[in-house]
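To keep things clear, I will list the structure first and then write my remarks on it.
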Amino acid sequence: MDDTSGLGLFNALQFVLESLGLDINDVRGQGYDYRFNMKRKHQGVQKRLLEINPRALYMPCTSHSLNQTVSDIANSCVKAISCFGVVQRIYSLFSSSTKKWKNFQDNVNGLTLKTLSSTRWESRINSVKAIKYQAPQIREALLELDENSDDAKTKSETESLANELENFEFLLDYRESGFTYVMIGAKSIASDMETEPILVKQRQIRRKKQFDEISHEDISQSAEESFRVNYFVVVDIVKE
Numbered sequence: 001m002d003d004t005s006g007l008g009l010f011n012a013l014q015f016v017l018e019s020l021g022l023d024i025n026d027v028r029g030q031g032y033d034y035r036f037n038m039k040r041k042h043q044g045v046q047k048r049l050l051e052i053n054p055r056a057l058y059m060p061c062t063s064h065s066l067n068q069t070v071s072d073i074a075n076s077c078v079k080a081i082s083c084f085g086v087v088q089r090i091y092s093l094f095s096s097s098t099k100k101w102k103n104f105q106d107n108v109n110g111l112t113l114k115t116l117s118s119t120r121w122e123s124r125i126n127s128v129k130a131i132k133y134q135a136p137q138i139r140e141a142l143l144e145l146d147e148n149s150d151d152a153k154t155k156s157e158t159e160s161l162a163n164e165l166e167n168f169e170f171l172l173d174y175r176e177s178g179f180t181y182v183m184i185g186a187k188s189i190a191s192d193m194e195t196e197p198i199l200v201k202q203r204q205i206r207r208k209k210q211f212d213e214i215s216h217e218d219i220s221q222s223a224e225e226s227f228r229v230n231y232f233v234v235v236d237i238v239k240e
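All residue numbers for the sequence shown refer to full-length UniProt numbering, where the first residue is 1 and numbers rise by one.
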């Protein structure tokens, strides 16, 4: 379509309904994504249809609403944000030039890299599969790119991403079900890359207590338990 304004899309909708022999006055509901030209109250498609047929009740698209909810849940988890950030950085690096993309294809023969979508959560599954199943090969592609590049920015990014792929905690982020199964799968990937399968325990920052505060015993978590609670459980909720 050449005209993607609210009016242009509404005219296209009318044309399709007429071509199918459908009466626009028989419409009893409408739902769209969150694009401004679809949902806005004054000139959007939903408003123009309601002006002709007040019984065409508008409701936001359930699928898009669910996607947005899931994205918000994931964005509440710092580890998930970091994980998907690395996925996007890897894609952006190799897709920035045909030479870099060829380097990727020469080292990785299976699944190709894909960019992330900010609204379609299910598309992120395809985005992470390439790295989940081919982490050692992608790491080799990064190291080769680093070795053959004379650009300081490229070398810095390739070294940083190669280190991220060697991070055992990052490898855990790509498994899909069961924390025990996650540990086994991530350790296998780490072994393929000759990476030590150890979660680094973060130093716990303790707030100084005031003299009149009631003392509570702080609960100390292992690095593995901290990862399970602060990342894995969030992802598990999203999956459900």
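Cβ coordinates follow ideal geometry from the N, Cα and C atoms, glycine included.
Are I90 and L161 close, meaning C-beta to C-beta below 7 angstroms?
Yes; because the gap between Cβ atoms is below 7 angstroms, this pair is in contact.
Got a sec? Which residues, its chain only, sit under 6 angstroms from K155 by beta carbon, not counting five neighbours each side?
These residues qualify, in order along the chain: D146 and S149.
Between the alpha carbons of P136 and L142, how many angstroms are there, rounded?
Spanning the two alpha carbons is a distance of roughly 10 angstroms.
Can you give the beta carbon distance from K100 to L111, rounded, assuming they're within the 8 angstroms contact cut?
About 17 angstroms; that fails the 8 angstroms criterion.
Measure from the alpha carbon of I138 to the alpha carbon of each residue in S65, D106 and A80, then state which is nearest.
The residue with the shortest Cα to Cα distance from I138 is D106.
Taking L116 and F94 to be in contact with their CB atoms under 8 angstroms, please state how far apart those CB atoms are, rounded to whole angstroms.
No, L116 and F94 are not in contact; Cβ-Cβ is about 14 angstroms, not under 8 angstroms.
Please state whether DSSP places Q137 in a helix, a strand or coil.
DSSP places Q137 in helix when its eight states are reduced to three.
Can you tell me which of the three DSSP states G178 falls into?
For G178, the pLDDT reaches just 46, beneath the cut-off of 50, and the residue's location in the model is therefore unreliable, although a value from the coordinates is still provided. Coil, per DSSP.
DSSP state of L145, grouped into three classes?
Here L145 sits in helix by DSSP.
Determine contact between the segment 77–84 and the segment 49–62, defined as no fewer than three beta-carbon pairs at a distance below 8 angstroms.
Because the criterion of three Cβ pairs below 8 angstroms is not met, the segment 77–84 and the segment 49–62 do not touch.
Count the other CB atoms, across all protein chains shown, that sit within 10 Å of the CB of V78; report buried if there are 16 or more and exposed otherwise.
Answer is exposed; the Cβ neighbour count stays below 16.
Starting from K153, follow the alpha helix (DSSP H) in both directions and report where the run begins and ends.
A152 to E166 is the span of the alpha helix (DSSP H), which, as asked, contains K153.
Confirm, please, whether the CB-CB distance from E164 to V108 is below 7 angstroms.
Result no, Cβ atoms of V108 and E164 do not sit closer than 7 angstroms.
Taking 6 angstroms as the cut-off, is the C-beta of E194 nearer than that to any heavy atom in the ligand HEM?
The model depicted lacks the ligand HEM and carries no ligand whatsoever.
Buried or exposed for I131, going by 16 or more other Cβ atoms inside 10 Å?
I131 should be labelled buried.
Whose CA, out of N103, D23, L13 and F104, lies closest to the CA of G31?
The candidate whose alpha carbon is nearest that of G31 is L13.
Using 10 angstroms around the beta-carbon of N103, count the other beta-carbons present and answer buried if the total reaches 16, otherwise exposed.
Result: buried.
With burial defined as no fewer than 16 other Cβ atoms inside 10 Å of the residue's Cβ, what is the status of K239: buried or exposed?
For K239, the pLDDT reaches just 46, beneath the cut-off of 50, and the residue's location in the model is therefore unreliable, leaving the point undetermined.
I'd like the span of the alpha helix (DSSP H) that includes C83, first residue to last.
V78 to F94 is the span of the alpha helix (DSSP H), which, as asked, contains C83.
Is V27 near N11, with beta carbons less than 7 angstroms apart?
No. Outside cutoff.
With 16 other CB atoms within 10 Å as the buried threshold, where does G6 fall?
G6 is buried by the Cβ-count criterion.
Could you tell me the distance, in whole angstroms, from the CA atom of G21 to the CA atom of Q46?
About 21 angstroms.
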